[in-house]
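Protein sequences, first through last, are from chains A and B.
When we follow my numbering, the leftmost residue of the first sequence carries the number 388, and every step to the right adds one.
When we follow my numbering, the leftmost residue of the second sequence carries the number 0, and every step to the right adds one.
Have a look at the structure below, then the notes.
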Amino acid sequence: MTEETRDPLVVVKDLHVDFDVRDGIVHAVDGASFNIYRGQTLGIIGESGCGKSITAKAIMNMIPKKGKMTGEITFYEKAEGNGGLVNEIRLDQTDPDGEVIRKIRGGHIAMIFQEPMSSLTPVYTAGFHIMEAVHLHRFSEKGTIGEQMGRNIAAKRHVSDEEAHVLAVDMLRRVGIPNAEKRINSYPHELSGGQRQRVMIAIALSTHPDLLIADEPTTALDVSIEAQILDLMRELQDTANMAIMFITHNLGVIAEIADEVVVMYMGKEVERSTTIEIFENPKHPYTRALLGSIPQIGEKRDHLETIEGMVPSPFNLPPGCVFHPRCTDYMPGKCDRVYPQYAEVENGHWARCLLYDGCWPKTAEAQAIKDQAVSD
Amino acid sequence: MADNETRKDDNLILDVHGLKKYFPITGGVLRKVVGYVKAVDDVNFFVREGETLGLVGESGCGKTTAGRAMLRLYEPTDGKIMFKSRALSKTGKPEWVNIRELSKQELKNVRQDISMIFQDPIGSLNPRMTVYDIITEPMLIHNKITPDTEDYVIRLLERVGLRGEHVRRYPHEFSGGQRQRIGIARSLALNPQLIICDEPVSALDVSVQAQTLNLMNDLKADFNLAYIFVAHDLSVVQHISDRIAVMYVGRIAEVAGSLELYNHPMHPYTEALMSSVPRPNPRAKKARIIMEGDVADPGNPPPGCLFHPRCRYVQDRCKTEIPQLRELRPDHFVSCHFAEELQLTGVAQMS
């Protein structure tokens, strides 16, 4: 799809999230900018601690109290029957406990968490969990008192218990749980891991969200269940034009589901492009190394490529490019002194690496280092 | 494999026959045993010297239980675990022993030959012990401490990619990948012949995982180790293993060389499992076989072939008769009634 025909849903601009802890300030997210479009899947990959989950929480405005968020997150709400008008809501400026964001959370933007075991309350049934979301965010579609008036009233009236029950059973059936009428009364401990995760997905999808944020939704599951869940998400995306933000460290899953991929390292966005570009023409050395370090099924190699060293401490980040101590393309005198900018290095392909001219900052100091290196 | 006592052609190190581990289900006020969870049920496999055998399957398939039963960390219910032990031999030449029949003292001794690497690099290291204490603990138990031990530990640490001066540090000072290296160093301390690795890399990040897998491969060559590599990540298992045993609800579905298994699976479960693995290639054709339903409950297994409720090729015979593990090609064992007739698709044919 071309840039013009894509319909932005959430636009994140220069997002920063800092945590002030005893040992110093952690830049959990340090300058992330990306768009999520309607009906498309944005994959976010990175190793643990790279800030991918915090980015998702920032969109939901659920940053823990200690955190400080700056930057812009705009949500484009398309209200039904509003003449196609689009409301712009600045999610970063909403009150985290306020009315506005609570309507959006779980309603317009739903989230699936990694841990299906701890995300469900053990004392409530699967059906209760789903109906809770439905009650809060779904409105009755029945018009009773005359067409026009009925619609007006319906738009204000939350669904009744019976309607919620029907919706919940229907949702459970759609996520592939057998015997949905019975299973609706099951408690979480009576369900298997895969079924619990499917209940989570049913909760998230029961409100017909515009955006589904899936934070490692299949990491705890077996491949056979994972395949079922990915298929289900894709199917629902096709029928409801839902956007998905898919966070994972599993490159195989990303290749299957994402249209566009953002690669993060130490809170920084280091590369973004279409999935095919990322896999076939990776620009950043980190992305290349990640791709080389995963064993591929049906292929035998003696050695995997590795990324030397380990993720640096967030309190003691290396100067210049944060990846330079582990980088195979490290340019001494440059990468350890200049912090690369995030720039479009090819059409639609963004990267943050000094190998590309566009990423050099336009300051006199940086230019001097660059010229000096050339003359050497 | 079940019938012939030992395979004559090979230099085997471990030969498992009819291994069973049933966990009782108790019920009622008197905690009477009302049934059994057949976590491992009639499992046969063998490991050759210097070879890695991967043990894969979905969660609850009994792969961890099978791995632990090798060391009698779980007391097996039935079966034979033949192991060629150096530690128990009086002549210096490795001798075959049945681990199930060993006395307590003999069992302790045989554990010099078989060690273990655990999944959780944080939970498996005592936070109050230094690296030195952790690595020398097995040596202490077996009275192997000598004046040279410190040098030995430092060499061992350097071999697994840590620095010798880290020997007095505590586990919390290390990252997850480094902690797993400490666990690997500990497992090597007594110079074992066989290491049972229970999901050794699944808690690690992708880049660290690659380092650890490379290290394990190098060590295997250096020390002539055999591994039993228990994991759920099929691409990792395929990478590290020479042969793979696929388990389903306590039974072995198929055993074959790792590339053979991926290219020419002969069990429908293997075929479906392989096809479900997401591959890091956005252009790959999505020919996934979706298995309907959930894994069978090992406490209440279906009759006949355990996989038949989810199998695409199910026939009447599958519903009544339990298939036996048969060697259909050299080194390729399958437990499926119709393995010869089915034309299954390997990963290679899918892309």
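Using N, Cα and C, we set each Cβ at its ideal position, and we do this for glycine too.
All figures in this text were calculated on a predicted structure; none of them were measured in a lab.
Does the beta carbon of residue i sit closer than 8 Å to a beta carbon anywhere in chain B?
{"i": "Thr-626(A)", "result": "no"}
{"i": "Gln-683(A)", "result": "yes"}
{"i": "Glu-781(A)", "result": "No information on residue 781(A) is available, as it lies outside the stretch 388 to 763 that chain A covers here."}
{"i": "Phe-666(A)", "result": "yes"}
{"i": "Met-388(A)", "result": "Confidence at Met-388(A) is low in this model, with a pLDDT of 46, below 50, so its placement is unreliable and the value that follows should be read with caution. So no, Met-388(A) is outside the interface."}
{"i": "Gly-530(A)", "result": "Bear in mind that the predicted position of Gly-530(A) carries a pLDDT of just 49, short of 50, making it unreliable; the figure below should be weighed with that in mind. No, because no Cβ of chain B sits closer than 8 Å to the Cβ of Gly-530(A)."}
{"i": "Ser-734(A)", "result": "The question names Ser, but residue 734(A) is Asn in the sequence shown. Taking Cβ atoms only, chain B never reaches closer than 8 Å to Asn-734(A), which makes this a no."}
{"i": "Gln-615(A)", "result": "yes"}
{"i": "Val-416(A)", "result": "no"}
{"i": "Gln-759(A)", "result": "no"}
{"i": "Ser-435(A)", "result": "yes"}
{"i": "Asp-602(A)", "result": "no"}
{"i": "Ser-420(A)", "result": "no"}
{"i": "Met-449(A)", "result": "no"}
{"i": "Gly-426(A)", "result": "no"}
Mark residue i as exposed unless 16 or more other C-beta atoms lie within 10 angstroms of its C-beta, in which case mark it buried.
{"i": "Thr-145(B)", "result": "exposed"}
{"i": "Leu-343(B)", "result": "buried"}
{"i": "Ser-593(A)", "result": "buried"}
{"i": "Glu-157(B)", "result": "exposed"}
{"i": "Leu-615(A)", "result": "In the sequence as displayed, the identity of residue 615(A) is Gln instead of Leu. Gln-615(A) should be labelled buried."}
{"i": "Asp-417(A)", "result": "buried"}
{"i": "Asp-293(B)", "result": "buried"}
{"i": "Ala-445(A)", "result": "buried"}
{"i": "Phe-173(B)", "result": "buried"}
{"i": "His-331(B)", "result": "buried"}
{"i": "Gln-323(B)", "result": "exposed"}
{"i": "Ile-476(A)", "result": "buried"}
{"i": "Ala-328(B)", "result": "What sits at residue 328(B) in the sequence shown is Arg, not Ala. Exposed, since its Cβ has fewer than 16 Cβ neighbours within 10 Å."}
{"i": "Val-399(A)", "result": "buried"}
{"i": "Met-504(A)", "result": "exposed"}
{"i": "Glu-57(B)", "result": "buried"}
{"i": "Leu-11(B)", "result": "buried"}
{"i": "Gly-34(B)", "result": "exposed"}
Taking residue i as part of the beta strand (DSSP E), name the residues at either end of that continuous run.
{"i": "Arg-158(B)", "result": "Note, Arg-158(B): premise wrong, no beta strand (DSSP E); alpha helix (DSSP H) at 148-158."}
{"i": "Pro-23(B)", "result": "11-26"}
{"i": "Ser-660(A)", "result": "655-661"}
{"i": "Ile-499(A)", "result": "496-499"}
{"i": "His-231(B)", "result": "Per DSSP, His-231(B) belongs to no beta strand (DSSP E) and is neither H nor E."}
{"i": "Ser-114(B)", "result": "113-116"}
Which stretch, first to last residue, makes up the alpha helix (DSSP H) that contains residue i?
{"i": "Val-398(A)", "result": "Careful: Val-398(A) lies outside any alpha helix (DSSP H), inside the beta strand (DSSP E) at 395-408."}
{"i": "Arg-85(B)", "result": "Run containing Arg-85(B): none; DSSP gives neither H nor E here."}
{"i": "Val-109(B)", "result": "103-109"}
{"i": "Arg-675(A)", "result": "672-679"}
{"i": "Tyr-729(A)", "result": "That residue, Tyr-729(A), is in no alpha helix (DSSP H); it is neither H nor E in DSSP."}
{"i": "Leu-327(B)", "result": "Premise fails: Leu-327(B) lies in the beta strand (DSSP E), 325-328, not in any alpha helix (DSSP H)."}
{"i": "Gly-581(A)", "result": "580-592"}
{"i": "His-414(A)", "result": "First-last for His-414(A): 411-424, but that is the beta strand (DSSP E), not the alpha helix (DSSP H)."}
{"i": "Met-620(A)", "result": "610-627"}
Would residue i count as contacting chain A if we go by Cβ distances under 8 Å?
{"i": "Glu-57(B)", "result": "yes"}
{"i": "Ala-1(B)", "result": "At Ala-1(B) the pLDDT is 41, less than 50, meaning the model places this residue with poor confidence; the figure from the coordinates comes in the next sentence. No, no contact with chain A."}
{"i": "His-331(B)", "result": "no"}
{"i": "Met-265(B)", "result": "no"}
{"i": "Arg-179(B)", "result": "It is Gln, not Arg, that sits at residue 179(B) in the sequence shown. No, no contact with chain A."}
{"i": "His-231(B)", "result": "yes"}
{"i": "Asp-293(B)", "result": "yes"}
{"i": "Arg-158(B)", "result": "no"}
{"i": "Met-215(B)", "result": "no"}
{"i": "Arg-242(B)", "result": "no"}
Counting only beta-carbon atoms, is residue i nearer than 8 Å to chain D?
{"i": "Val-205(B)", "result": "The displayed structure is made up of protein chains A and B, and chain D is not among them."}
Problem - the region 543-558 of chain A / the region 517-528 of chain A touching (three or more Cβ pairs under 8 Å) - result: Result yes; three or more Cβ-Cβ pairs closer than 8 Å.
Exercise for the section: Could you tell me whether the region 13-31 of chain B touches the region 68-80 of chain B, where touching means 3 or more Cβ pairs closer than 8 Å? Expected result: As far as the Cβ criterion goes, the region 13-31 of chain B touches the region 68-80 of chain B, which means the pair count is three or higher.
Problem - the region 189-206 of chain B contacting the region 150-166 of chain B, beta-carbon criterion three pairs below 8 Å - result: Taking a contact to require three or more Cβ pairs closer than 8 Å, the region 189-206 of chain B and the region 150-166 of chain B do not qualify as touching.
Handout entry: At least 3 beta-carbon pairs within less than 8 Å: the region 261-270 of chain B vs the region 87-102 of chain B
Key = Counting Cβ pairs under 8 Å, fewer than three are found: no touch.
Handout entry: At least three beta-carbon pairs within less than 8 Å, the region 174-190 of chain B to the region 115-123 of chain B
Key = These segments touch.
Handout entry: contact_flag[the region 620-635 of chain A, the region 593-609 of chain A] where n(CB pairs < 8 Å) is 3 or more
Key = Yes, the region 620-635 of chain A touches the region 593-609 of chain A.
Problem - Where the region 684-695 of chain A meets chain B: residues whose CB sits under 9 Å from a CB there - result: Listed by position along the chain: Ile-684, Gly-685, Glu-686, Lys-687, Arg-688, Asp-689, His-690, Leu-691, Glu-692, Thr-693, Ile-694, Glu-695.
Handout entry: Interfacial residues, the region 629-644 of chain A to chain B, with Cβ spacing under 8 Å
Key = Those residues of the region 629-644 of chain A that come within reach of chain B (Cβ to Cβ, closer than 8 Å) are His-636, Asn-637, Leu-638, Gly-639, Val-640, Ile-641, Ala-642, Glu-643.
Handout entry: Interface positions of the region 647-674 of chain A facing chain B (Cβ-Cβ less than 7 Å), listed along the chain
Key = With the criterion set as a beta carbon lying under 7 Å from some beta carbon of chain B, the members of the region 647-674 of chain A are Thr-662, Ile-663, Phe-666, in sequence order.
Problem - At least 3 beta-carbon pairs within less than 8 Å: the region 618-628 of chain A vs the region 653-660 of chain A - result: With a cut-off of 8 Å, the region 653-660 of chain A and the region 618-628 of chain A do not count as touching, because too few Cβ pairs lie within range.
Practice task
Say whether the region 269-281 of chain B touches the region 633-648 of chain A, bearing in mind that this needs 3 or more beta-carbon pairs closer than 8 Å, one atom from each stretch.
Solution key: Yes, the region 269-281 of chain B touches the region 633-648 of chain A.
Handout entry: Any 3 or more C-beta pairs closer than 8 Å across the region 227-244 of chain B and the region 716-730 of chain A
Key = Cβ pair count under 8 Å is below three, so no.
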